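Sequential numbering from 1 applies to the sequence shown in the numbering used here.
Note that the Cβ used here is the ideal one computed from N, Cα and C, for glycine as well.
Since this is a predicted model, take the numbers as computed values, not measurements.
Structure, as structure tokens:
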Amino acid sequence: MPQENEATFLVGMMTTNRRSRGESEDAFTKAIIKFEREHLGRGPSDARTYFISDMILIRLSGLMTSAEAMLAREEKGQEIIKTTRRQLMEVSRPLIRQIVRDVLGLDMISMHTDMSIKTGERVIVLIVDRNLDELFD
Numbered sequence: 001m002p003q004e005n006e007a008t009f010l011v012g013m014m015t016t017n018r019r020s021r022g023e024s025e026d027a028f029t030k031a032i033i034k035f036e037r038e039h040l041g042r043g044p045s046d047a048r049t050y051f052i053s054d055m056i057l058i059r060l061s062g063l064m065t066s067a068e069a070m071l072a073r074e075e076k077g078q079e080i081i082k083t084t085r086r087q088l089m090e091v092s093r094p095l096i097r098q099i100v101r102d103v104l105g106l107d108m109i110s111m112h113t114d115m116s117i118k119t120g121e122r123v124i125v126l127i128v129d130r131n132l133d134e135l136f137d
């Protein structure tokens, strides 16, 4: 039985071998949007997921709040936003790991992320334990 925080992010438990690459990328994108909204308080205006070899590349746009946009006008404010967002993602690592398991049935090896204050975009790269190209060929 999943724990409460795990159950929140379960997305259609259809296995990856029954989904196409596009359907799996879409399911993963939806799970990440849900995570952003429920855990971080705001979802992106646009989100895209790409499977590349053993990597999952997620590009999120429109993440900054109005208050963050105001804060970003000054260099110190930009540093605060980046540091806070980086820390939020770091403490969220177990939830992201669970999304990878729930949606794809894979284990996440590592997570790399950065946010552009200028564009309000975040890029997340997840390294997983299998070559995704082999799963969807």
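| Item | Value |
| --- | --- |
| Cβ neighbour criterion (16 or more within 10 Å) applied to V123 | exposed |
| Coarse secondary structure for T113, derived from DSSP in three states | strand |
| C-alpha gap between T119 and I58, whole angstroms | 15 Å |
| Other residues of its chain near T29: CB distance less than 7 Å, five sequence neighbours each side excluded | A47, R48 and T49 |
| Entirely enclosed beta strand (DSSP E) segments - the segment 28-114, minimum 3 residues | 46-52 and 55-61 |
| Whole-angstrom distance between S61 and D107, CA atom to CA atom | 26 Å |
| S20 versus F136 - alpha carbon distance | 7 Å |
| Sheet register partners of L126 (DSSP bridge) | I56 and M111 |
| Test: E79 CB closer than 8 Å to a CB of chain B | Going by chain labels, chain B is absent from the structure shown, which holds only one protein chain. |
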